[in-house]
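Working notes for the structure below.
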Amino acid sequence: MADVSYQTNHRKIAAALSIIPGLGQLYHKQYLKGISFLILAASFFYVFADLLNIGLWGLFTLGEKTPRDHSIFLLVYGILAVIVVIFGIAFYLFNLRDAYRNGVKRDKGEVLTNLKEQYHNLVDNGFPYLIMSPGFMLLVFVVIFPIMFVVLLAFTNYDLYHSPPAKLVDWVGIKNFIDIFKIDIWRQTFFSVFAWTIVWTFAATTFQVALGIFLAIVVNQKDLKGKAIIRTVFILPWAVPAFVSILVFAGMFNESFGTINNDILAFFGIGPIPWMTEAVYTKIALILIQTWLGFPFIFAMTTGVLQSIPNELYEAATVDGATNFQKFRNITLPLVLFATAPILITQYTFNFNNFNIIYLFNGGGPAVPGSNAGGTDILISWIYRLTMTSAQYSKAAAITMMLSAIVIAVALWQFKRTKSFQEEDMM
Amino acid sequence: MSIKKEKYIRLTLSYLVVLAMVAIILYPLAWIIGSSFNPGQSLSGSSIIPENATLAHYEKLFDLERSNYLHWYWNSLKVSIFTMLLTVIMVSLTAYSFSRYRFVGRKNGLVLFLILQMIPNFAALIAIFILAQLTGLLDTHLGLILIYVGGQIPMNTWLMKGYLDTIPKELDESAKIDGAGHMRIFLQIVMPLAKPMIAVVALFAFIAPFGDFIIASILLRTEQKYTLAVGLYDMVAKQFGAEFTTFAAGAVLIAVPIAILFLSFQKYFVSGLTAGGTKG
């Protein structure tokens with residue numbers, strides 16, 4: 001209703017004029033703002049004309065002639081062009097909104113802010129943008145840009161046989177995804193890698209969590225002596241950088257000079273086990289090592305929780321005649337699981353993507369005949385192998401997308417349940 | 001009597017468990033330390049406590065003409081320290097604006113950060129490699145540092161924002177009334193109160209590059225520019241066994257200082273990880 005009562009129509013005129021950025025502001029007699037908007041818009045087109053032209057063309061065609069056009073560079077320019085366009089549109093919308101808002105003010109008969117106030121407004125409203133911009137720009141180029149690139153790559157045929165500069169890359173739609181599920185060797189490899197990834201994630205994580213909680217409860221017993229020194233020793237596997245420990249374990253499990261076969265198993269009279277050449281044994285070794293590496297974190301967290309459980313709970317239980325096991329079952333375990341649940345889920349997603357241990361221990365091997373994945377490759381290390389050794393870039397990108405979808409789904413599910421997400425001011 | 005007996009059995013079992021765990025934890029560490037003093041290059045016929053211990057492998061590592069180890073160590077320190085500094089600066093600034101200002105795009109920004117922190121930043125390996133090639137940052141430490149910092153921003157921003165939200169806003173409002181500017185409130189009022197969380201972010205940002213293998217192995221091409229993780233892996237992978245004792249000495253020299261650093265800051269790690277973060 002309020003609109004009808006306006007005598008003038010400044011807001012519409014200004015917004016219409018601002019189709020060319022700056023004119024609307026000039027119409028409001030905000031000369032400095034208007035001129036700077038005009039200059040910004042003009043320089044935007046002047047500076048980015050080539051990039052926009054080549055980039056957007058390249059994004060659609062991925063190049064037409066081989067020696068001249070490098071498809072992958074064109075793809076990169078294309079993404080840059082899209083990013084630039086998004087920033088351009090944001091500025092353009094801001095310009096329209098600004099012209100319209102000031103028009104509304106004039107229609108209401110209010111006096112527009114003068115230069116000095118505008119400057120203050122700019123500083124006040126612009127401050128968060130200003131201090132965020134370095135971090136945000138970096139994020140755009142080293143995180144968002146690569147993600148966009150991988151997403152687009154999943155829909156091309158970029159591999160060893162379609163590799164610029166000699167050959168062009170083409171858009172192939174969802175062919176990569178179809179191939180992974182339709183072509184026998186891809187489907188079999190995908191499902192065997194995926195199955196092992198799931199088994200690995202659940203086995204390794206569950207063992208480390210169970211061991212961590214168990215040891216924390218054992219050490220936390222009141223009448224156990226030497227708690228401080230025991231706790232320090234139990235934290236050690238976490239304190240040593242993981243890549244060092246994994247490489248050390250790779251030496252220990254080595255079949256020719258490793259201490260596991262030569263000393264420990266020999267001591268018990270067991271013959272040497274082919275840890276590195278038979279996938280089953282490599283898998284067992286990996287799960288054992290990850291348990292060793294991962295339990296201290298759970299141990300430290302659980303210890304913290306245990307120390308915060310009030311003693312009165314146990315005293316009351318004792319008065320009621322509860323046995324030690326009942327106290328554990330009904331007091332300790334629920335409290336520990338409740339307090340550590342969010343962290344436990346992150347442990348699962350961490351192991352799901354635990355590249356270091358798989359790759360550093362045995363390179364994802366041993367090799368499996370007739371498959372392009374090693375016997376212990378999980379999804380992320382398989383992607384690495386496809387990218388770095390067999391140049392299957394587009395397939396690797398397609399698998400990356402599926403993997404990211406899984407991780408994001410789990411993480412979103414978890415975040416929805418955390419308290420902080422539901423707090424009003426958080427968002 | 002039976003209660004006493006039960007307690008006796010329980011404690012004995014507990015000590016046995018603890019003892020077994022201590023052995024399992026310390027054995028690999030003892031083995032690698034023993035190996036590092038073992039004479040000769042391979043381990044065949046060696047024992048945990050070598051008979052004629054030698055420092056030769058350590059000497060070799062410190063000799064710049066025979067080994068790149070010191071270069072690697074220096075590179076790792078350099079990359080970690082710069083990553084830490086840049087991360088702390090950028091994360092403080094972004095987290096502060098998310099926490100204290102209400103601006104257009106804030107909500108979308110937060111959701112974007114939330115989703116980005118869930119995607120492992122090495123998922124985009126190919127892109128990182130090609131981008132580095134295009135910009136000439138391949139085989140430079142600058143490229144590596146920028147990627148690490150970018151990868152650290154989303155998760156740590158959430159962590160830091162959560163902490164800043166707990167610092168009462170009345171503090172900066174009263175400072176504003178007293179005439180303090182934006183920058184001044186940020187630097188002199190809020191940041192000093194956020195010191196514990198700054199320490200956590202700094203620790204994460206320092207440790208993460210130290211342990212990263214995958215990105216460094218893609219970006220760094222010349223041996224002199226390797227970081228410790230890449231260098232040591234290379235040492236092992238090139239001729240496994242043939243140089244194992246030298247590798248062992250190198251491993252000890254990394255593990256000891258990092259473990260000491262870690263143990264002295266351990267409580268910050270636990271508090272930081274429980275406060276938030278999805279990467280574990």
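So the protein sequences, as listed, match chains A and B.
The letter at position 300 of the first sequence is residue 300 when you use full-length UniProt numbering, and the numbering goes up by one with no holes.
The letter at position 165 of the second sequence is residue 165 when you use full-length UniProt numbering, and the numbering goes up by one with no holes.
The C-beta atom is built at its ideal place from N, Cα and C for all residues, glycine as well.
The structure presented is a predicted model; accordingly, all values stated were derived computationally and were not measured.
I'd like to know whether the C-beta of residue i is nearer than 8 Å to at least one C-beta of chain B.
i, result
"THR259(A)", "yes"
"GLN422(A)", "Confidence at GLN422(A) is low in this model, with a pLDDT of 48, below 50, so the placement of that residue is unreliable and no value is reported for it."
"ASP69(A)", "no"
"TRP292(A)", "yes"
"ASN353(A)", "yes"
"ILE309(A)", "no"
"MET427(A)", "Confidence at MET427(A) is low in this model, with a pLDDT of 41, below 50, so its placement is unreliable and no value can be given for it."
"ASP170(A)", "no"
"ILE287(A)", "no"
"PHE48(A)", "no"
Can you list, in chain order, the residues of its chain with a C-beta nearer than 8 Å to that of residue i? Leave out the 5 residues immediately preceding and following it.
i, result
"THR303(A)", "ALA216, VAL219, ASN220 and ARG231"
"LEU306(A)", "ALA216, ILE217, ASN220, THR332 and VAL336"
"VAL407(A)", "THR349, PHE352 and ASN353"
"TYR233(B)", "PHE213 and SER217"
Check for me: the alpha helix (DSSP H) holding residue i runs from which residue to which?
i, result
"VAL305(A)", "279-308"
"GLU312(A)", "311-319"
"GLU6(B)", "2-36"
"VAL172(A)", "From DSSP, VAL172(A) is part of no alpha helix (DSSP H); its letter is neither H nor E."
"LEU122(A)", "115-139"
"ILE183(A)", "Careful: ILE183(A) lies outside any alpha helix (DSSP H) and carries neither H nor E."
"TRP57(A)", "31-61"
"ILE246(A)", "242-252"
"ASP172(B)", "169-177"
"LEU236(A)", "227-239"
"TRP158(B)", "141-164"
"ARG68(A)", "No alpha helix (DSSP H) contains ARG68(A), which DSSP labels as neither H nor E."
"HIS57(B)", "56-62"
"HIS28(A)", "Premise fails: HIS28(A) is in no alpha helix (DSSP H) and is neither H nor E."
"ASN75(B)", "69-100"
At the 8 Å Cβ level, is residue i part of the contact set with chain A, yes or no?
i, result
"ILE198(B)", "no"
"LYS4(B)", "no"
"ALA216(B)", "no"
"HIS71(B)", "no"
"THR222(B)", "no"
"GLY136(B)", "no"
"THR278(B)", "Because THR278(B) carries a pLDDT of 35, less than 50, the predicted location of this residue cannot be relied on, and the following value inherits that uncertainty. Yes, because at least one Cβ of chain A sits closer than 8 Å to the Cβ of THR278(B)."
"SER97(B)", "yes"
"LEU171(B)", "no"
"GLN188(B)", "no"
"ILE258(B)", "yes"
"MET84(B)", "no"
Listing by chain order, which chain D residues have their CB less than 9 Å from the CB of residue i?
i, result
"LEU232(B)", "In the structure shown, chain D cannot be found, because the protein chains are A and B."
What does a CB cutoff of less than 6 Å around residue i pick up in its chain, not counting 5 residues either side in sequence?
i, result
"ARG187(A)", "PHE181"
"ALA175(B)", "ILE185 and ILE189"
"GLU424(A)", "Here the model assigns GLU424(A) a pLDDT of 42, short of 50, so the residue's position is not dependable, and the following value carries that caveat. Contacts found: none."
For residue i, which residues of its own chain have a beta-carbon under 7 Å away from its beta-carbon, when the five flanking residues on both sides are left out?
i, result
"ASN261(A)", "GLU255, PRO272 and ILE273"
"TRP72(B)", "TYR226, THR227, LEU228 and GLY231"
"GLY88(A)", "PHE44"
"TYR100(A)", "ARG11, ALA14 and ALA15"
"ALA300(A)", "ILE235"
"GLY55(A)", "TYR77, GLY78, LEU80 and ALA81"
Legend entry - Residues in the segment 255-279 of chain A having any Cβ partner in chain B nearer than 9 Å: SER256, PHE257, GLY258, THR259, ASN262, ASP263 and ILE264
Inset, instruction - Taking only beta carbons into account, state which residues of the segment 383-417 of chain A come closer than 8 Å to chain B, listed in chain order. - result: ILE383, TYR384, THR387, MET388, TYR393, ALA396, ALA397, THR400, LEU403, SER404, VAL407, ILE408, ALA411, LEU412, GLN414 and PHE415
Legend entry - Cβ pair count under 8 Å reaching 3, the segment 70-90 of chain A against the segment 163-183 of chain A: yes
Legend entry - Validate contact between the segment 96-114 of chain A and the segment 105-114 of chain B using beta carbons, cut 8 Å, 3 pairs: no
Inset, instruction - Decide if the segment 277-285 of chain A is in contact with the segment 386-396 of chain A; the criterion is three or more beta carbon pairs, one per stretch, under 8 Å apart. - result: no
Inset, instruction - Mind the definition here: the segment 86-99 of chain B touches the segment 131-149 of chain A only if three or more C-beta pairs lie below 8 Å; say whether that holds. - result: yes
Legend entry - Validate contact between the segment 116-128 of chain A and the segment 12-27 of chain A using beta carbons, cut 8 Å, 3 pairs: no
Legend entry - Contact residues within the segment 28-39 of chain B, judged by C-beta distance below 9 Å to chain A: PRO28, LEU29, TRP31, ILE32 and SER35
Inset, instruction - Kindly confirm or deny that the segment 76-83 of chain B and the segment 139-157 of chain B touch, where touching means at least three C-beta pairs closer than 8 Å. - result: yes
Legend entry - Stretch pair the segment 237-252 of chain A + the segment 24-38 of chain B: three plus CB contacts closer than 8 Å: yes
Inset, instruction - Check distances from the C-beta atoms of the segment 216-242 of chain A to those of chain B and list, in chain order, the residues that come in under 8 Å. - result: VAL218, VAL219, GLN221, ASP223, LEU224, ILE230, THR232, VAL233, PHE234, ILE235, LEU236, PRO237, TRP238, ALA239, VAL240, PRO241 and ALA242
Legend entry - chain B contacts made by the segment 142-157 of chain A, where a contact means CB separation under 7 Å: VAL142, VAL143, PHE145, PRO146, ILE147, PHE149, VAL150 and LEU153
Legend entry - Residues in the segment 75-91 of chain A having any Cβ partner in chain B nearer than 7 Å: VAL76
Legend entry - Meets three-Cβ-pair contact criterion under 8 Å: the segment 370-384 of chain A and the segment 398-412 of chain A: yes
Inset, instruction - Please list the residues of the segment 102-115 of chain B that have a C-beta atom closer than 9 Å to any C-beta atom in chain A, keeping them in chain order. - result: ARG102, PHE103, VAL104, GLY105, ARG106, LYS107, GLY109, LEU110, VAL111, LEU112, PHE113, LEU114 and ILE115
Inset, instruction - Check whether the segment 360-368 of chain A touches the segment 142-162 of chain A, counting contact only when three or more Cβ pairs, one atom from each stretch, lie closer than 8 Å. - result: no
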